[in-house]
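For reference, the structure discussed in these notes is given below.
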Amino acid sequence: MDSNDDCLTNCELDEYESGDDRDLVDMQEDKYCYEVLGSKEIVTDMLKKITSINTILQVPNTVTRILLHHFNWDEDKLLEKFYTENRAVLFNEARIVDPASIGNSNNKLSVGSTEDCDICMNPLSKDSMTGLECEHQFCGDCWNQYLSMKVMDEGECLTIACPAHKCDILVDDTTAMTMIQDPEVKAKYQHLITQSFVEYNRLLKWCPTPDCNRAIKVQYVDCKPVTCDCGQTFCFKCNEKWHAPILCDYLRKWLKKLENDSASLAWVELNTKKCPSCFAIIEKNGGCNHMTCKKCKHEFCWICNEKWKQHNDLYKCNRYREEKEAQGIDSTKLQLKRYLFHSERYMNHMNSLKLEKNLYEAVEKKAREYQVMRMSWAECQFLRNAVSALCQCRQTLMYTYAFAYYLEKSNQTTIFEDNQQDLEKATETLSHYLEKDIENEELNEIKRKVQDKTSYCEQRRKALEDHVSEGYDKDWWSHLNIV
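Its first residue numbered 2, the sequence shown is counted upward by one per residue in the numbering used here.
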């Protein structure tokens, strides 16, 4: 990998700095070690792996890179095969020629002799021809055109085979970087190599944020939250946004069901409802579910339509009540009813989450007002932290309904529902205060109340997630066999 290696190894490793200003990173991350790698760190990590393995294999770097890719960058698997299997078979399966099998003589022609290019058929001097270990020879122009087409038109870099008919020997990085003439094509080739290193390595994942070129590196794969330096928190195992308390497999089933059954959810009106008292049409324009009818002043819950005051002691709208088939209800209808109950609440929290993200702009404006009133920028961060906590709680609540849909009833599910109820009440209280009550308080009182409510929300979210996590560890949860 001569020219390619030179280009890559000159990239100096920037010292890794973790993001100290991450907003409300999940506590479970402390138990899951990972690194955030930028573009240079990714290249450096790849080269370290190649160099480390090459101390054992003793082959050119480019050959090591192809072998590692063949085993999805699993060094242990490569070394196991290297020591336990026939060496010739290993290299043949990786579609490269074993350097140890290449003799000193490559059927070289005498000095000044000519040979026909296998593509354009022009007779050229042997010195102007280039071939792989398979000994198929091509001129520089044909190599350049062939490789440029593969890289730019087909986005290939890993499986570019020798141009000869029915020859599947892979083009090595040294040959590719030597024969490609356009710097733009060379840059893309190197980018594709780096990209493949992340995509085929089970211990690396790209950050899902658009245009973010960072990757997360872990020591083992698990369903755990990781946070990129850009602020995006996602599940390392499935690459979706962090989805506690539901596991990846059940989230996948849930999202597929939502997609397939979207037509049957059309009747669920997320943005408008009738007041249960005077039947006036009410539009929901914030995340808070504590609604007050402007016409008759009736206060009710957006989710269950019950009087809001009943939520103080008799908060039950998070609990699904099973009805028995013995009551004459068809099992298919029961399952549909169960699905609609959980999906409506899931979608409602999703909608509230979208609306509450608009609060960031509002609190930034409020923070600027407070700074005029002699409060420092750092002292104003309690508002932004509150919105971050609110959004995180709302996202957790959203996934609790997907989790509960597949959950079989037990004593532990009752505790889960109690925790869900507490978190829901705390979230609605904070949401209501930030959206409606914050204008009517003194500055010091606002700060105290916001910090208290934020802290309580975080405590309730952690209690819920810890209980579910303990349930996974102790096999408390049984899942229903439903689609």
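Think of the CB as a built atom: it goes at the ideal place given N, C-alpha and C, for glycine as much as any other residue. What you are looking at is a predicted structure, and each value in this text was computed from that prediction instead of being measured.
- According to the DSSP secondary-structure assignment, residue 308 is paired through a beta bridge with 301.
- In the displayed model, residue 478 falls within coil according to three-state DSSP, outside both helix and strand.
- Within the same chain, and ignoring the five residues on either side of residue 296 in sequence, the residues whose Cβ sits closer than 8 angstroms to its Cβ are 276, 279 and 281.
- Take residue 213, set aside five residues on each side of it, and the residues of its chain with a beta-carbon closer than 6 angstroms to its own are 231, in chain order.
- The C-alpha of residue 32 is placed about 13 angstroms away from the C-alpha of residue 467.
- The shortest C-alpha to C-alpha distance from residue 36 to any of 351, 216, 238 and 419 is the one to 216.
- Note that the stretch 247-257 does not touch the stretch 53-73; fewer than 3 beta-carbon pairs, one per stretch, sit closer than 8 angstroms.
- Taking 8 angstroms as the cut-off, the Cβ atoms of residue 292 and residue 300 count as close.
- When C-beta atoms of the stretch 383-395 are compared with those of the stretch 452-467, three or more pairs fall below 8 angstroms, so the two segments count as touching.
- In this structure, DSSP gives residue 246 a state outside helix and strand, which the three-state scheme calls coil.
- Under the three-state reduction of DSSP, residue 378 is assigned to coil, being neither helix nor strand.
- Scanning the stretch 22-84 from its first residue to its last, the whole alpha helix (DSSP H) runs of 4-plus residues come out as 40-58 and 62-71.
- When 421, 416 and 51 are compared, the shortest CA-CA separation from residue 198 is found for 51.
- In this structure, 173 is the residue among 354, 173 and 473 with its C-alpha nearest to the C-alpha of residue 191.
- Residue 235 sits close to residue 242, with the two beta carbons spaced by under 8 angstroms.
- In terms of Cα proximity to residue 361, the closest of 386, 344 and 373 is 386.
- 8 angstroms or more divides the Cβ of residue 430 from the Cβ of residue 395.
- For residue 402 and residue 229, the gap between their C-alpha atoms comes out near 27 angstroms.
- For residue 73, the CB contacts under 8 angstroms within the same chain, skipping 5 residues up- and downstream, are 201, 202 and 203 in chain order.
- Straight-line measurement puts the Cα of residue 342 at about 23 angstroms from the Cα of residue 432.
- According to the DSSP secondary-structure assignment, residue 130 is paired through a beta bridge with 140.
- By the criterion of a C-beta distance shorter than 8 angstroms, residue 169 is surrounded in its chain by 96, 162 and 163, once the five residues flanking it on both sides are discounted.
- Bounds of any alpha helix (DSSP H) do not take in residue 210, whose DSSP letter is neither H nor E.
- Taking a C-beta distance under 8 angstroms as the contact criterion, residue 130 and residue 121 do not qualify as a contact pair.
- Residue state for residue 218 is assigned as strand, using DSSP reduced to three classes.
- Short of 7 angstroms from the beta carbon of residue 210, and not among the five residues preceding or following it, lie these beta carbons of its own chain, in chain order: 229, 231 and 233.
- The residue from 142, 344 and 318 with its alpha-carbon nearest to that of residue 260 is 344.
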